[in-house]
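Undergrad:
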Amino acid sequence: MKNYNLTHLKELEAESIYILREVAAQFQKPAILFSGGKDSICVTHLARKAFHPAKIPFPLVHIDTGHNFPETMEFRDNLVSELGAKLIVGSVQKSIDDGRAAEEKGKNASRNAIQTVTLLDTIEEHGFDACIGGARRDEEKARAKERFFSHRDEFGQWDPKNQRPELWNIFNGKQNFGEHFRVFPLSNWTEMDVWQYIMAENIEIPSLYFAHQRDVIWRNNTWLPVSDFIQIEETEEIINKKLRFRTLGDITITGGDESDADTLAKIVEEVAAARNTERGNRADDKRSETAMEDRKKEGYF
Amino acid sequence: MEGYLDMELLRFTTAGSVDDGKSTLIGRLLYDSKSIFEDQLDQVRQTSERRGATEVDLALLTDGLKDEREQGITIDVAYRYFATPKRKFIIADTPGHIQYTRNMVTGASTANVALILIDARKGVIEQTCRHSIIASLLQIPHIIVCINKMDLVDYQQEKFDQIKNDFENFASKLDVKDVQFIPISALKGDNVVNRSDNMNWYEGSTLLYTLENIHIGSDHNHIDCRFPVQTVIRPQTDEHHDYRGYAGRIAGGVFKSGDEITVLPSGFTSKIKSIDIFEGSVIEAFAPMSVTITLEDDIDISRGDMIVRTNNQPESKQDIEVMLCWLNNKGPQPRSKYTIRHTTADAKAMIKEIRYKLDINSLHRNEIDKNISANDICRAQIRTTRPLFVDSYRKNRNTGSIILVDEGTNETVAAGMII
Ligand SMILES: Nc1nc2c(ncn2[C@@H]2O[C@H](COP(=O)(O)OP(=O)(O)O)[C@@H](O)[C@H]2O)c(=O)[nH]1
């Protein structure tokens, strides 16, 4: 008999496409949370495949902290115009100006924590009932129990003890008034899977992921990019280095890794040999051992 | 690197009672297959030190959320990932005690393999029976029994043989097809990833080798063609003006373009015009692929309908016999209304009768006490407001499974396997 087997990437792809179609069918007003990072690019690519030849039936929502890499913004705008998708921007600056959120002070200040306010406000303003994100269970241990359809209460909060069991391929997106869902089609993917898939599908990603020369300073055990949003102390030295970013967050907190990987094939090789997780260089996770879980409970991505 | 794109995916669930060494075993698999990163290991090292442990406790690698880290227990299914050049693995790690049934049923629902741990000093105990019964109810295609802590019984073959024998005696009452036994020490690493020098009498493979090579090609049903429609794709653009595609994931069988099909429940027949994916059209598609099917004729089809081959159809049923696993803390209430979900279809439903409660330690059918609460398994008859198109769970896990959603709370309260 013929061998009817899928490769792991094809099986993961089929699962993610199934999830995205379930979202389109089960919710009234879903949206893709688009950060400009490789995971949300991957989700967007899968959504394009899931509804082809129709357009993606969801808008892309970008929570703009104002502290972006310029490359990410350019990439976002190009992709949106190529897809003919609708872009909705939630502005953290506006949340600050409106007094909804207060800027952190000090040398390590970032807008990472307060973007949750903007996110929840944007969800409420547009009445989104499902927000599709690119988070994966392998990213961080607080995510290992995350559901595909993750239930949030009327305050946008995540209660790890009150999640619906998910069995087989049957998903329950029914909601009570005011509640919404986060949906994670890439739950079962690892960092390696995402890179292999990007390579196999030849998906375009921001240039920041490839090794390039950049001015950086050494702080908190990582190479932080020099930008308008960072205060550099006198003792800190600006160095020009060849590096690349393994994840893309705010320019204020995303550290680079020294690297020569300037092609996808070299990146995959580098990921295979890596000795640290990709979040290892994110200052936001370093604050405490359960940093991610605490942020999630408050409604973080 | 080429080889990496060619891996298969294997999902397994782990079961064992508390302290049988489940966390240590998973930690060992991740560690010895080099799936652990330095920073994760550092965290575990620090935590081990803070707790005053002398060695790095591999079990900490799989500890999840804060609450349970503090309480030192695991309360929900956690998913872990690792890969070897041959396969990518997804572990559904289910805790050993509280909410046990519910968690194991959840983890088992998508698994190709169940790993059952036995402490070599204790042998087959009540929990072992319970885990095996659940694995058999959920029709996990393969079972690997790991007899752990062999180092504590001097790696004796007699111990292993005796436990294997006991398990086989018990399992002969169950519906399990493929069972293998491996003597291991999760702590010392014997026969997990590397062959043990301490048990030369054992001629089988290591656990990792077994996981890498177990035949999973037939785990999906490739005979009975079932295509539950998820959503209808109508681009309504100039370029694709008349395109009308039915998007879904193949739940069983192999569909080919040109196949004679019937749409349920309408009963209309047609032929498959094309099977489309993003890259173009394919000649055939099989479970679990996600595709879009177009038909020769214009038929009214919507979500919840099922496209099947005309000469091989599922049963149309409104009275459905199921083995139900109750998941919610609140048991079934008299006259409660539920939504039943089956593939992409749903209907209103009520539980007409509980036939018996199954004692999952002994398989005893209790027809007297039919009081159901969380973690109970029972046989029940469900009545739906409209017919569902079902197969037995034995025949197809996708078209043979259902969930019940409470109409009041919207929670998923029960999972069922159709008999
Ligand atoms: N001697 C020995 N001890 C083991 C072995 N596997 C686990 N243990 C110990 O048994 C205890 C319970 O293990 P753990 O992995 O936490 O069990 P779990 O509750 O099943 O996750 C720990 O103290 C482990 O170090 C083994 O193969 N040999």
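Note that the protein sequences, when read in sequence, are chains F and G. Residue 19 is where the first sequence starts when you use the working numbering, and the numbers rise one by one after that. Residue -10 is where the second sequence starts when you use the working numbering, and the numbers rise one by one after that. No residue lacks a Cβ here, since even glycine has one placed at the ideal position from N, Cα and C. Owing to the predicted nature of the structure, the values given are computational and were not obtained by experimental measurement.
(1) Given G405/G, which residues of its chain have a CB within under 6 Å of its CB, disregarding the five upstream and five downstream residues?
(2) Check whether the Cβ of Q193/F lies closer than 9 Å to any Cβ atom in chain G.
(3) On a Cα-Cα basis, can you pick out the residue from I35/F, A43/F and A229/F that is closest to T351/F?
(4) I need the straight-line Cα distance from L54/G to D177/F, nearest angstrom please.
(5) Taking the runs of the beta strand (DSSP E) that are 3 residues or longer, which of them lie wholly in the segment 109 to 180 of chain F?
(6) Entirely within the segment 209 to 255 of chain G and at least 3 residues each: give me those beta strand (DSSP E) ranges in chain order.
(7) Measuring straight from C-alpha to C-alpha, what distance separates W186/F and S305/G?
(8) In the DSSP assignment, the beta strand (DSSP E) including L377/G goes from what residue to what residue?
(9) Consider the Cβ of R66/F: report whether some Cβ of chain G lies at a distance smaller than 9 Å.
(10) Could you list which residues in chain F have their beta carbon closer than 9 Å to that of R238/G, in chain order?
(11) With a threshold of 8 Å, establish whether the CB of T281/F neighbours any heavy atom of ligand 1.
(12) By how many angstroms is the C-alpha of E209/F removed from the C-alpha of A279/F?
(13) Can you list, in chain order, the residues of its chain with a C-beta nearer than 6 Å to that of S263/G? Leave out the 5 residues immediately preceding and following it.
(14) Just reading off the beta strand (DSSP E) that V280/G is part of, what are its end residues?
(15) Roughly how many angstroms lie between the CA atoms of K359/G and V110/F, to the nearest whole one?
(16) T3/G CB to nearest chain F CB: under 9 Å?
(17) To the nearest angstrom, how far is the alpha carbon of G241/G from that of G293/G?
(18) Where does R69/G sit, in a helix, a strand or coil, going by DSSP?
(19) List, in chain order, every chain G residue whose beta-carbon is nearer than 7 Å to that of H26/F.
(20) Between the C-alpha atoms of S53/F and P224/F, what's the straight-line distance to the nearest angstrom?
(21) Tell me which residue opens and which closes the alpha helix (DSSP H) that S12/G is part of.
(22) From which residue to which residue does the beta strand (DSSP E) around L163/G run?
(23) Please classify F216/G as buried or exposed, where buried requires at least 16 neighbouring CB atoms within 10 angstroms.
(24) Are L(-2)/G and R110/G closer than 9 Å when you measure CB to CB?
(25) Would you give the residue range spanned by the beta strand (DSSP E) that S263/G belongs to?
(26) Buried or exposed for K346/G, going by 16 or more other Cβ atoms inside 10 Å?
(27) According to DSSP, which residues form a beta bridge with E48/F?
(28) Cβ atoms of K112/F and N399/G: under 9 Å apart, would you say?
(29) CA-CA distance, L19/G and G178/G?
(30) Can you determine whether any heavy atom of ligand 2 sits closer than 8 Å to the C-beta of M188/G, and answer yes or no?
(31) Figure out for me which residue from T95/G, T117/G and I15/G has the closest Cα to the Cα of I349/G.
(32) Below 8 Å, is the gap between the Cβ of V234/F and the nearest heavy atom of ligand 1?
(33) Put A72/F into one of helix, strand or coil per three-state DSSP.
(34) Any idea what DSSP makes of V79/F, helix, strand or coil?
(35) Between the Cα of N187/G and the Cα atoms of S161/G, M139/G and D213/G, which residue gives the shortest distance?
(36) Give a yes or no on whether 9 Å exceeds the smallest Cβ distance from P277/G to chain F.
TA: From the atom records:
(1) Within the same chain, G405/G has close Cβ partners V311, L313 and I391.
(2) Chain G contact via Cβ: present.
(3) This structure cannot settle anything about residue 351/F, because the visible part of chain F is limited to 19 through 319.
(4) Note that L54/G has pLDDT 41, beneath the 50 cutoff, so the model's placement of it is unreliable and the number below is only indicative. Approximately 11 Å, taken between the alpha carbons.
(5) Whole beta strand (DSSP E) segments, 3+ residues: 148 to 150 and 167 to 170.
(6) Within the segment 209 to 255 of chain G, the runs of beta strand (DSSP E) that reach at least 3 residues and sit entirely inside it are, in chain order, 215 to 222, 234 to 238, 243 to 245 and 249 to 253.
(7) Those two C-alpha atoms are separated by around 21 Å.
(8) Element bounds for L377/G: I366 to V379.
(9) Taking Cβ atoms only, chain G reaches closer than 9 Å to R66/F, which makes this a yes.
(10) Under the 9 Å cutoff, chain F gives A32, E33, I35, Y36, R39 and N187.
(11) Every heavy atom of ligand 1 is 8 Å or more from the Cβ of T281/F, so no.
(12) Looking at the two C-alpha atoms, the distance is approximately 16 Å.
(13) Answer for S263/G: S246, S270 and T283, listed in chain order.
(14) Counting along the chain, V280/G sits inside the beta strand (DSSP E) bounded by residues S279 to L284.
(15) Their Cα atoms are separated by approximately 56 Å.
(16) No, T3/G lies away from the interface with chain F (no Cβ there is under 9 Å from its Cβ).
(17) The straight-line gap separating the alpha-carbon atoms of G241/G and G293/G is approximately 16 Å.
(18) Under the three-state reduction of DSSP, R69/G is assigned to strand.
(19) For H26/F, the residues of chain G that pass the 7 Å Cβ criterion are M(-4), E(-3), L(-2) and K77, in the order they occur in the chain.
(20) S53/F and P224/F: Cα-Cα distance of roughly 11 Å.
(21) For S12/G, the enclosing alpha helix (DSSP H) has its first and last residue at K11 to D21.
(22) First-last for L163/G: undefined, no H or E at that position.
(23) Under this definition F216/G is a buried residue.
(24) The Cβ atoms of L(-2)/G and R110/G do not sit closer than 9 Å to each other.
(25) Start and end: T258 to I266.
(26) Counting other Cβ atoms within 10 Å of its Cβ, K346/G reaches 16 or more and is therefore classed as buried.
(27) Going by the sequence as given, residue 48/F is Pro instead of Glu. DSSP, once it has assigned bridges, lists A148/F as partnering P48/F.
(28) Note that the C-beta distance between N399/G and K112/F is not below 9 Å.
(29) The C-alpha of G178/G is placed about 12 Å away from the C-alpha of L19/G.
(30) Within the structure as shown, ligand 2 is missing, the only ligands being ligand 1.
(31) When only C-alpha atoms are compared, the closest one is T117/G.
(32) Distance from the C-beta of V234/F to the nearest heavy atom of ligand 1 is not below 8 Å.
(33) A72/F: coil per DSSP, three-state reduction.
(34) Strand at V79/F.
(35) Closest option to N187/G, judged by alpha-carbon separation, among S161/G, M139/G and D213/G: M139/G.
(36) Interface criterion met: the Cβ of P277/G is under 9 Å from a Cβ in chain F.
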